[in-house]
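Asks: Before we start, here is the structure in question, set down as structure tokens.
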Amino acid sequence: MARLVLKFGGTSVGNIERIKNVARRVKAVVDAGNEVAVVVSAMSGETNKLVGFCRDIAPLHDAREYDAVVASGEQVTAGLLAIALQELGVSARSWAGWQIPLETDGAHGSARIMRIDTAEIERRMKEGQVAVIAGFQGIGPDKRITTLGRGGSDTSAVALAAAMKADRCDIYTDVDGVYTTDPRIVEKARKLDKITYEEMLEMASVGAKVLQIRSVEMAMKHRVRVQVLSSFEDKPGTLVVDEEEIVEQELISGIAYSRDEAKVTVLKVADRPGVAAAVFGPLADANVNVDMIVQNVADDGKTTDVTFTVGKADLALAIKVLEDNRQQIGFRDLHTDGNVAKISVIGVGMRSHAGIARQMFTTLADKGINIQVISTSEIKISVLVAAEYTELAVRALHTAYGLDAVA
Ligand code: ADP
Ligand code: ASP
Ligand code: MG
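Residue numbers for the sequence shown follow full-length UniProt numbering, beginning at 1 and rising by one.
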């Protein structure tokens, strides 16, 4: 007997037939003698629709009300799955974030989990009741509903698994595991049996949507065993594990892309101490996450340009914050470009091998793809390119690093 947390994503609960299918899967796990908690996402497309409603009324809307609206999708699927389980004769009860409670900080729209009290859920699980938990949502210090950022149901599931000391957290989705790159754009992507927490963290942080980054951070910190697998097929997925568990480490583990960022260029700021703080301080205060940053040395010794990327969803807010602080920053102009994609190569092998970056740059050059911004970490290189080159760049790099599956 094991204690398991099973998470089902949007496509897996995308319609009533699929919710019934999930109920059958959950029943099989219960019948095998396991204690089970289930975390569900909203039906696929539902959260986007709700976000769209908020934006249509006001592009810069109140984050508390955004949370009240977008958290509703998960409540629907939690209730429906509980009903579907009951129909199969399985004892089940749904839980909204506040009912658990799953307490978060007050950063509405991308709140962090602070504390989860799983005592009551665990008591019921021991009696054979399945807890069906609405993912993505919690309760803030102001007692209002919060959400954990897009893709946040993964984080709900891993956090619950950590809190209730589950033996494993199974993330059921619409692909059968973690691949060397998104299998939806590279046919020759290869499925990985295992991936290290660290590499998964980098993959998630640069846009591989298969797991939300915070869920991987949480799994790594609390050593939760995570498996990514298909909700439509019966086969083992990918295990996220410690480095020691992987016998032979690949040089490059994968390629990822993100179309979720936008480029901002602040033109003609003074080249003197304090300017970066003047630009990025107010953005941080407004909870705008900045990712890649480049700043040139002034060729005239006086002014320079600062280029950086922010999440597309934050672009309107970033522009407003910069304009509001125009006096203090002292820039001449602001250029923005939402038509960009970030392409990243990830691999722990980078620590010990030279030439990985050069291979990336020459591969992109051979395809005539211009690089706009570059950033690196110990085990990752990312470049910003025009969005129309996304697929071409990812496929070319996948081949160049020898990742293509052999037919
Ligand atoms: P869910 O709704 O189940 O949470 P997501 O859409 O959030 O599903 O995540 C699954 C998707 O992640 C897949 O459909 C796939 O297109 C995408 N993806 C991106 N990179 C990868 C990768 N390296 N391996 C597997 N899937 C990936
Ligand atoms: N439904 C939320 C989203 O689409 C959370 C999730 O699916 O993980 O972002
Ligand atoms: Mg997801």
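We treat Cβ as the ideally placed atom computed from N, Cα and C, and that holds for glycine. Nothing here was measured: the structure is a model prediction, and the numbers come from that model.
Using the Cβ count rule (16 or more neighbours within 10 Å means buried), how would you classify ASN15?
Replies: Classification for ASN15: exposed.
Asks: Could you tell me which residues DSSP pairs with ALA270 in its beta bridges?
Replies: ALA270 is bridged to THR303.
Asks: According to the Cβ coordinates, are VAL340 and LYS380 closer than 8 angstroms?
Replies: Not in contact: VAL340 and LYS380 (Cβ atoms no closer than 8 angstroms).
Asks: Once you ignore the five residues that flank SER375 on each side, which residues in its own chain have a CB closer than 7 angstroms to its CB?
Replies: MET292 and SER382.
Asks: Could you tell me the distance, in whole angstroms, from the CA atom of GLY128 to the CA atom of VAL294?
Replies: Taking the straight line joining both Cα atoms gives about 55 angstroms.
Asks: By the DSSP assignment, the beta strand (DSSP E) with VAL241 in it spans what residues?
Replies: Run containing VAL241: 238-241, per the beta strand (DSSP E) assignment.
Asks: Taking ILE255 as part of the beta strand (DSSP E), name the residues at either end of that continuous run.
Replies: Taken as a continuous stretch (DSSP letters only), the beta strand (DSSP E) holding ILE255 covers 254-258.
Asks: Considering ALA82, what are the terminal residues of the alpha helix (DSSP H) in which it resides?
Replies: First-last of the alpha helix (DSSP H) with ALA82: 72-87.
Asks: Please confirm whether any heavy atom of the ligand MG lies closer than 7 angstroms to the CB of ALA9.
Replies: Note that residue 9 corresponds to Gly in the displayed sequence, not to Ala. Yes; taking the cut-off as 7 angstroms, the Cβ of GLY9 has a heavy atom of the ligand MG nearer than that.
Asks: Would you list the residues sitting across from CYS169 in a DSSP beta bridge?
Replies: According to DSSP, which records beta bridges pairwise, CYS169 is partnered with VAL5 and VAL226.
Asks: Do you know how far the Cα of LYS27 is from the Cα of LEU81?
Replies: Each residue's alpha carbon lies about 11 angstroms from the other.
Asks: Which runs of the beta strand (DSSP E), 3 residues or longer, sit entirely within the region 141-203?
Replies: Qualifying beta strand (DSSP E) stretches, in chain order: 145-147, 168-173 and 194-196.
Asks: Determine the direct distance from the alpha carbon of ASP337 to that of VAL321, and round the result to whole angstroms.
Replies: Rounded to whole angstroms, VAL321 to ASP337 spans 17 angstroms at the Cα level.
Asks: Using only alpha-carbon positions, find the residue among ALA284, LEU364 and ALA276 that is nearest to ILE329.
Replies: ILE329 has its Cα closest to that of ALA276, out of ALA284, LEU364 and ALA276.
Asks: Given 7 angstroms as the limit, tell me if PHE136 has its C-beta closer than that to any heavy atom belonging to the ligand ASP.
Replies: Yes; taking the cut-off as 7 angstroms, the Cβ of PHE136 has a heavy atom of the ligand ASP nearer than that.
Asks: Taking the CB atoms as reference points, tell me whether THR307 and GLU261 lie closer together than 8 angstroms.
Replies: For THR307 and GLU261, no; Cβs fall outside 8 angstroms.
Asks: Taking the beta strand (DSSP E) that HIS335 belongs to, which residues open and close that run?
Replies: First-last of the beta strand (DSSP E) with HIS335: 333-337.
Asks: For the structure I just gave you, are there three or more beta carbon pairs, one from the region 262-274 and one from the region 226-242, closer than 8 angstroms?
Replies: Touching, no, given that fewer than three Cβ pairs across the two stretches are closer than 8 angstroms.
Asks: Check whether the Cβ atoms of ALA407 and LYS367 sit closer than 8 angstroms, and answer yes or no.
Replies: The answer is no: Cβ separation not under 8 angstroms.
Asks: So does the region 97-116 actually touch the region 56-70, counting three or more Cβ pairs closer than 8 angstroms?
Replies: At 8 angstroms Cβ cutoff, the stretches touch.
Asks: Flag VAL39 as yes when its Cβ comes closer than 7 angstroms to any non-hydrogen atom of the ligand ADP, and as no otherwise.
Replies: Not so, every heavy atom of the ligand ADP lies at least 7 angstroms from the Cβ.
Asks: By how many angstroms is the C-alpha of TRP95 removed from the C-alpha of GLY349?
Replies: Cα to Cα, the separation comes out at about 43 angstroms.
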